[in-house]
Amino acid sequence: MPSIVMVLNGPNLNLLGTREPATYGHETLADVAALCGRSAEQLGLKIEFRQTNHEGELLDWIHGARGRCAGIVINPAAWTHTSVAIRDALVASEVPVIEVHLSNVHAREAFRHHSFVSPIAKAVLAGFGSHGYHLALEHFSQLLKGTSQ
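Here it is, written out as structure tokens:
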């Protein structure tokens, strides 16, 4: 199995560090990418870290994971609550998925409590801040070693 894990980020996450810091913190997306890079190196993984504000681009990346990647860590951001297309692409990729959210979406507005991704994800991490990305990568490392399910 390949050791590449895609780390995909949805809309508005390019504004991390300046957008609603009380909710999302002061780390930038570059900080999150650096954390993921360090985590991947420690865990013996290769990552492809990407962010987009265009749903079609995200769908193309997900399609590109099929048969090539060991997993997808995805923070679909607002598309979590609205996009059946992303859910369907994740299923069609036939790649294990871990959903990550910086904030605890269940402690926020009611419309954020529903996720189209959660029912098809191996795991969901919410409210851990950027550490959730590390936890997701660590889980994929364990899956690849056969030490977790």
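Per the numbering used here: the sequence shown = residues 1122 to 1270.
For every residue, glycine included, the Cβ atom is placed at its ideal position computed from N, Cα and C.
All of these numbers come straight from a predicted model, not from anything done at the bench.
Assigned exposure category for residue i - 16 Cβ within 10 Å defines buried
i: T1144; result: exposed
i: S1269; result: exposed
i: E1162; result: exposed
i: H1260; result: buried
i: H1255; result: buried
i: H1147; result: exposed
Local conformation of residue i per DSSP, three classes
i: V1226; result: helix
i: N1135; result: helix
i: V1238; result: coil
i: K1266; result: helix
i: L1256; result: helix
Spatially closest choice to residue i from the options, by CA coordinates
i: H1235; options: L1264, I1207, Q1172, T1201; result: T1201
i: L1179; options: K1167, I1168, P1197; result: P1197
i: L1134; options: T1149, R1189, I1125; result: T1149
i: R1229; options: V1238, A1247, K1243; result: A1247
i: P1142; options: C1190, E1162, S1224; result: S1224
i: E1220; options: I1207, L1166, R1187; result: I1207
i: H1184; options: L1129, H1147, N1174, A1154; result: L1129
i: D1152; options: L1137, I1125, V1226; result: L1137
Per DSSP, cross-strand counterpart(s) of residue i
i: K1167; result: I1125
i: A1154; result: For A1154, which the question treats as bridged, DSSP gives no partner whatsoever.
i: L1246; result: V1221
CB contact check: residue i to chain D, cutoff 9 angstroms
i: P1240; result: No chain D appears in the structure shown, which is made up of a single protein chain.
Unbroken stretches of the alpha helix (DSSP H), 4 residues or longer, contained in the segment 1186-1231: Secondary structure in the segment 1186-1231: the alpha helix (DSSP H) runs of 4 residues or longer, each lying completely within the stretch, are 1205-1214 in chain order.
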